[in-house]
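Q: Following my numbering, the numbering of the sequence shown begins with 4 at its first residue and continues without gaps.
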Amino acid sequence: MAIEHSDEETITALQVACDTEVSGCVFLMRTEEEDKDRLVEITRDHVREQHGKEYTRDEIEAEHVTEVEV
């Protein structure tokens, strides 16, 4: 079921994008705010598996999760 919103209402989502363009990575995820924990865990898995780097949940939230209008 589609949710209707008025023109004046701003809808936001959380987004994470991998910033390793040199490696050709095209990881981009966007979700509703209530799915933030899942977004962070999937991002941690991606970075660990694809780029061999470890980040804490706090590092990912502070440095990589952004709020965007949808």
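Ideal placement from N, C-alpha and C gives every residue a C-beta, glycine not left out.
Tell whether a beta-carbon distance below 8 Å holds between Val43 and Val73.
A: Their beta carbons are not under 8 Å apart, which means Val43 does not touch Val73 by this criterion.
Q: With burial defined as no fewer than 16 other Cβ atoms inside 10 Å of the residue's Cβ, what is the status of Val71: buried or exposed?
A: Result: exposed.
Q: Could you tell me which residues DSSP puts in a beta bridge with Gln18?
A: Arg33, Thr69.
Q: Between the alpha carbons of Glu57 and Arg47, how many angstroms are there, rounded?
A: Whole-angstrom Cα-Cα distance: 7 Å.
Q: Under 8 Å by Cβ, that's how I've got Ala20 and Phe30 pegged, so tell me the actual separation to the nearest angstrom.
A: The pair is a contact, with the Cβ atoms about 7 Å apart (cut-off 8 Å).
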